[in-house]
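As numbered in this note's numbering, the sequence shown has no gaps in its residue numbers, which increase by one up to the final residue, 762.
The next block holds one structure in the form of structure tokens; read it before the comments.
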Amino acid sequence: MADETRAEYTADAGVGLLVAVVEGGVRADQIARYAADLSKVDDVTAVTSPVGTFVHGRQVAPSDPRDSRNGVALLKRLVEPGTDGRRGDRISVVALRAVRKPDGATVSFTGFAAMNHDVVDAMFRYLPWVLIIIAVATYVLLFLFTGSVFLPLKALVLNVLSLSATFGAMVWIFQEGHLGGFDTTPQGYLVATMPILMFCIAFGLSMDYEVFLLGRIREEWLKSDRTKAANDHAVAVGLARTGRVVTAAALLMAIVFAGIAASEVSFMRMFGVGLTLAVLMDASIIRMLLVPAFMRLAGLWNWWAPPPLRRLHDRVGLTEE
442 MADETRAEYT
452 ADAGVGLLVA
462 VVEGGVRADQ
472 IARYAADLSK
482 VDDVTAVTSP
492 VGTFVHGRQV
502 APSDPRDSRN
512 GVALLKRLVE
522 PGTDGRRGDR
532 ISVVALRAVR
542 KPDGATVSFT
552 GFAAMNHDVV
562 DAMFRYLPWV
572 LIIIAVATYV
582 LLFLFTGSVF
592 LPLKALVLNV
602 LSLSATFGAM
612 VWIFQEGHLG
622 GFDTTPQGYL
632 VATMPILMFC
642 IAFGLSMDYE
652 VFLLGRIREE
662 WLKSDRTKAA
672 NDHAVAVGLA
682 RTGRVVTAAA
692 LLMAIVFAGI
702 AASEVSFMRM
712 FGVGLTLAVL
722 MDASIIRMLL
732 VPAFMRLAGL
742 WNWWAPPPLR
752 RLHDRVGLTE
762 E
């Protein structure tokens, strides 16, 4: 419904993007030329300025003196239907900023569209590097803890699986508008900051539960005769000894996040629902089913490492001693 509304109904001009041109030394004809060029950009209905209103490069209305204050000319971009603050708006901001500015003018962009573009760009600019650093640091620490080259990789893969399922559920509920009976508000999009914030908290909690479980399994493994049967026994004992602790911790966190989900603010509700699903999914499907199943199938490969890395782990590995 939200997608259809944005596609079929004209956006409010109040969400248009504003271009502020400092007028010092800038002639009226330069501002007119700049406004005309801006109006040629795709998804721009019109550009109003102190020298007139322009549509597709042509002036169609006289000037409005209210668009020039204290030596600053305000050029208002009115948007086409369906482009308010979404992907099309981000593309428009890039295109508008690429338009050649008047010589000697200082041009600034403001409004929701520009702010949204800059915030999203700042958050996602270094995101790939951040994810790589998190993955490498997690892998190294889990290797130093377990002495295995496979268990850290397993932990990362299952965490990605859990988070992907959570984000998919968020899209299904809040973006596509399902489960409306729970008073969820379909918006047709997810707030850009939400996946990052949820990832930070859910990934940390998931790794916390992983260390609980692997620590107990490894303890049983080190006391065993290192056979396939010993691996299966260690997995079973580790799951039995930590299952209630992990489940209780997950339930406590889920209760807290469910309280946030009861909020009437859509942003907070999205945050609470997402983390509740992430915690419950990780503590049940991931820790109780997928982790033990993977470790049983992998057998002795769970604890394998090449000799150089094994010697490294013997020297600098993380132990309780």
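Here a beta-carbon is modelled for each residue, glycine too, at the ideal position from N, C-alpha and C.
| Query | Result |
| --- | --- |
| Cβ separation of Arg751 and Gly588, assumed to be a contact under 8 Å, to the nearest whole Å | 7 Å |
| For Arg541, the three-state DSSP class (helix, strand or coil) | coil |
| Among Asp666, Lys669, Lys664, Phe653, nearest to Arg682 - alpha-carbon criterion | Phe653 |
| Strand pairing of Leu459, partner residues [DSSP] | Lys517, Thr551 |
| For Thr592, the nearest candidate out of Asn743, Asp755, Pro748 (CA to CA) | According to the sequence provided, residue 592 is Leu. The question's Thr does not apply to it. Taking only the C-alpha atoms, the option nearest Leu592 is Asn743. |
| Range of the contiguous beta strand (DSSP E) that encloses Arg499 | 499-502 |
| Helix, strand or coil at Gly588 according to DSSP, with G and I counted as helix | coil |
| Ala643, DSSP secondary structure in three states | helix |
| Of the residues Ala719, Leu599, Met711, Ala633, the one placed nearest Phe565, counting alpha carbons only | Ala633 |
| Range covered by the alpha helix (DSSP H) that runs through Ser490 | Where Ser490 is concerned, there is no enclosing alpha helix (DSSP H), although the beta strand (DSSP E) it sits in stretches over 485-490. |
| The stretch 595-608 touching the stretch 640-660, judged by at least three CB pairs closer than 8 Å | yes |
| Opposing strand residues paired with Thr494 [DSSP bridges] | Thr489, Ala502 |
| Alpha carbon of Asp484 to alpha carbon of Val548, nearest angstrom | 21 Å |
| Closest Cα partner of Ser504 within the set Gly498, Thr717, Val488 | Val488 |
| Closer than 8 Å to chain D by CB, Ala677 | Although the question refers to chain D, the structure presented lacks it and comprises just one protein chain. |
| Boundaries (first-last residue) of the alpha helix (DSSP H) holding Asp673 | 669-702 |
| Pairwise C-alpha distance: Ile614 and Phe735 | 30 Å |
| Cβ contact (3+ pairs, closer than 8 Å) linking the stretch 465-476 and the stretch 554-572 | no |
| Sub-8 Å separation of Lys664 and Gly740 beta-carbons | no |
| Distance CB(Thr717)-CB(Ala699) smaller than 8 Å | yes |
| Nearest-angstrom Cα separation, counted from Pro748 out to Asp755 | 10 Å |
| Val714 versus Asp666, Ile727, Leu620, residue with shortest Cα-Cα distance | Leu620 |
| Alpha carbon of Phe640 to alpha carbon of Val612, nearest angstrom | 15 Å |
| Cβ neighbour criterion (16 or more within 10 Å) applied to Met711 | buried |
| Three-way DSSP call (helix, strand, coil) for Asp649 in this model | helix |
| Of the residues Ala724, Leu759, Ala719, Asp723, the one placed nearest Ala610, counting alpha carbons only | Ala719 |
| Own chain, CB closer than 6 Å to Arg657, minus 5 neighbours either side, in chain order | Gly679, Arg682, Thr683 |
| Contact check, Ser436 vs Met722, beta carbons under 8 Å | In the structure displayed, the chain extends from 442 to 762; residue 436 sits before or after that span and is not available. |
| Distance CB(Leu516)-CB(Val560) smaller than 8 Å | no |
| Beta-carbon gap between Val540 and Val501 smaller than 8 Å | no |
| 3 or more residues per run - each beta strand (DSSP E) lying fully within the stretch 699-730 | none |
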